[in-house]
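Below is one structure; the comments refer to it alone.
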Amino acid sequence: MINVKSYAAQSATSPLAPHALSRREPGPYDVLIDIAFCGVCHSDIHQARDEWGGSIFPMVPGHEIVGHVEKVGANVKKFKAGDRVGVGCLVDSCRKCPHCAESLEQYCDNGFSGTYNGMEQDGKTPTYGGYAQKITVDQDFVLRVPDNLDLAGAAPLLCAGITTYSPLRHWGVKKGMKVAIVGLGGLGHMGVKLASAMGAETWVVTTSPGKAADAKRLGAVGAIVSKDGSDMEKHANSFDFILNTVAAPHDVNAYFNLLKVNGTLTMVGAPDKPLEVNVFGLIMRRRRFAGSLIGGIKETQEMLDFCGKHDIVSDVEIIPIQKINEAYERMIKGDVRYRFSIDIKSLAA
Ligand code: NAP
Ligand code: ZN
Ligand code: ZN
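When you read off a place in the sequence shown, starting at 1, and then add 97, the result is the number in this note's numbering.
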C-alpha cells in the first residue's frame with residue numbers, strides 16, 4: 098500500500114478535512130500518478146453533501162486530475178515515468194458490453210467505476226478521487242495531456258471539458274449553427290470555448306449580467322440575460338442547439354422558447370430536484386429535450402488533443418486544499434471565474 102495525504106468528507110454535513118488514504122501498489126496494468134492539480138466540479142459538492150442520494154463516506158472527491166506518471170506496472174506499454182497525464186470521472190468499466198466496446202464507458206450496461214464515490218469492478222472496493230497526493234489507475238483509463246497545455250488549467254478539461262465537448266459533437270455543432278450555453282460556470286465557460294472553436298455562433302445565457310463581458314472574451318458573440326424578458330424574446334426561435342449547465346433547480350421552459358423548429362436542448366447540469374416541463378414548449382416546434390453524461394475515454398483523448406491544437410484550457414483560480422470548503426461556498430454563489438484548481442502540493446503543508 099502507498100500512504101498519501103488527502104482531504105475527505107466524513108459525512109454529508111461535515112466539511113472536508115485532512116484524511117489518511119492508502120492507494121494500491123500498481124499492478125501489471127496500472128499507472129501510479131503523482132497528482133499536480135485537481136479541478137473542483139460542482140458534482141463534488143452535490144456528492145459530498147449527498148444531494149443526489151447514495152453517497153459513500155468517507156469521500157475523497159475530485160475527478161479533474163492531472164499530474165505526472167510516477168511508476169508503471171510491468172505490462173504497461175502506453176505510459177512511462179514522467180509523462181503528463183490525466184484522469185477524469187471514470188477509472189474502470191466492464192469492458193464487455195456493447196457501450197464499452199464503442200468506448201462509451203460512461204454508458205456501461207454493467208456500471209462504470211466512478212473515480213470517487215463509486216466501487217471498483219469487484220463491486221466492493223470503494224474509489225477515492227483526486228483531492229489526494231497520488232492515485233493508482235488502470236492504464237486504459239489514463240489520458241495524455243498535450244505538452245503545450247498549462248497543467249492547472251488543463252485539469253478541468255477532464256470533466257468540464259469532456260462533459261461539454263461530447264454533446265456538442267454528438268449534436269453536430271459546427272460553423273453555421275447558432276448555439277447557446279446556459280450558465281457561465283465551470284462547465285459553461287468550457288462549453289463557450291469549445292463551441293466557438295468548433296465554429297458555431299455561440300451565445301451565453303446567464304443569470305449574471307456581470308458575466309457578459311467575459312462571455313465575449315471567452316469566445317461568445319454575446320450574452321443573453323435570462324431574467325430580462327425582452328432579451329430572451331429577441332432571440333426566440335433562433336437557436337439550433339442549447340447546452341444547459343445549470344446546477345440548481347430552475348425554469349427550463351424559458352430556454353425551450355429560444356430553440357428553432359427541430360432544435361435540441363441538452364441537459365448536462367444535474368439539479369437535485371426534478372424540473373417541470375411544459376410540453377407545449379416542445380410540441381409546438383418539434384423541439385427535443387435531451388441529456389448527456391461526461392464522455393468516454395476515446396472521446397476524452399480526442400477532446401484533449403482538440404484543446405492542445407486550439408490552445409484551450411480552463412480559466413482557473415488556483416487554491417491550496419486548505420481553502421476547499423470556502424471554494425464550495427463561493428461556487429454555490431456563482432463566485433468563481435471560472436474553475437477552482439487545487440494545487441495538490443499544498444497537501445504536503
Ligand atoms: P458551476 O461552476 O457552479 O456553474 C453553474 C452555473 O449555473 C453558475 O455559474 C450559474 O451561471 C448557473 N446557475 C446557478 N444557479 C442557477 C439558477 N438557480 N438558475 C439559473 N442558473 C443558475 O457548476 P459546474 O461545475 O459547471 O456544474 C454544473 C452542473 O453540471 C452541476 O449540476 C454538475 O453536477 C453538473 N455536471 C454534470 C455532468 C454530466 O456528465 N452531465 C458532468 C459534470 C458536472 P450564471 O451565473 O451564468 O447564471
Ligand atoms: Zn465533474
Ligand atoms: Zn460495459
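Where is the CB? At the ideal position from N, CA and C, for every residue including glycine. Bear in mind the structure is a predicted one, so any value in this text is a computation, not a measurement.
Identify whether residue i lies in helix, strand or coil by the three-state DSSP scheme.
{"i": "N172", "result": "coil"}
{"i": "E199", "result": "coil"}
{"i": "H332", "result": "coil"}
{"i": "I418", "result": "helix"}
{"i": "K442", "result": "helix"}
{"i": "N359", "result": "strand"}
{"i": "R384", "result": "coil"}
{"i": "H160", "result": "coil"}
{"i": "I391", "result": "coil"}
{"i": "S103", "result": "strand"}
{"i": "P253", "result": "helix"}
{"i": "S152", "result": "coil"}
Could you check if residue i belongs to the surroundings of ligand 2, using beta carbon to heavy atom distance under 7 Å?
{"i": "C135", "result": "no"}
{"i": "H286", "result": "no"}
{"i": "S455", "result": "The shown model of the chain, from 98 to 446, leaves out residue 455, and the question about it has no answer."}
{"i": "H160", "result": "yes"}
Near residue i, what residues of its chain come up, given a Cβ to Cβ distance below 7 Å and the 5 sequence neighbours on each side ignored?
{"i": "G296", "result": "K271 and K272"}
{"i": "P115", "result": "K102 and Y104"}
{"i": "A345", "result": "P368"}
Return yes when the C-beta of residue i is under 7 Å from any heavy atom of ligand 3, and no when it is not.
{"i": "H143", "result": "no"}
{"i": "S200", "result": "no"}
{"i": "C191", "result": "yes"}
{"i": "C186", "result": "no"}
{"i": "D206", "result": "yes"}
{"i": "C197", "result": "yes"}
{"i": "C194", "result": "yes"}
Does residue i pass the burial test, meaning 16 or more other C-beta atoms within 10 Å, or should it be called exposed?
{"i": "R314", "result": "exposed"}
{"i": "S190", "result": "buried"}
{"i": "V166", "result": "buried"}
{"i": "G319", "result": "exposed"}
{"i": "S263", "result": "buried"}
{"i": "N341", "result": "buried"}
{"i": "E202", "result": "buried"}
{"i": "I380", "result": "exposed"}
{"i": "E330", "result": "exposed"}
{"i": "S323", "result": "buried"}
{"i": "Q144", "result": "buried"}
Within its chain, find whatever has a CB closer than 8 Å to the CB of residue i; leave out the 5 residues flanking it on each side and keep chain order.
{"i": "A445", "result": "K102 and Q230"}
Quick test of your reading: residue i and residue j, contact by CB under 8 Å. State the CB separation rounded to the nearest angstrom.
{"i": "G226", "j": "G159", "result": "4 Å"}
{"i": "A133", "j": "L248", "result": "5 Å"}
{"i": "L356", "j": "H332", "result": "So it is not a contact: roughly 10 Å between Cβ atoms."}
{"i": "D180", "j": "I394", "result": "Contact flag wrong, Cβ pair sits at about 16 Å."}
{"i": "L255", "j": "V184", "result": "7 Å"}
{"i": "C457", "j": "L246", "result": "In the structure displayed, the chain extends from 98 to 446; residue 457 sits before or after that span and is not available."}
In chain order, what residues of the same chain lie with their CB nearer than 6 Å to the CB of residue i, ignoring the 5 residues before and after it?
{"i": "S438", "result": "F134, G136, A249, A252, V413 and I415"}
{"i": "G392", "result": "I259 and S263"}
{"i": "M400", "result": "G258, I259 and Y262"}
{"i": "R427", "result": "V433"}
{"i": "I142", "result": "Y425"}
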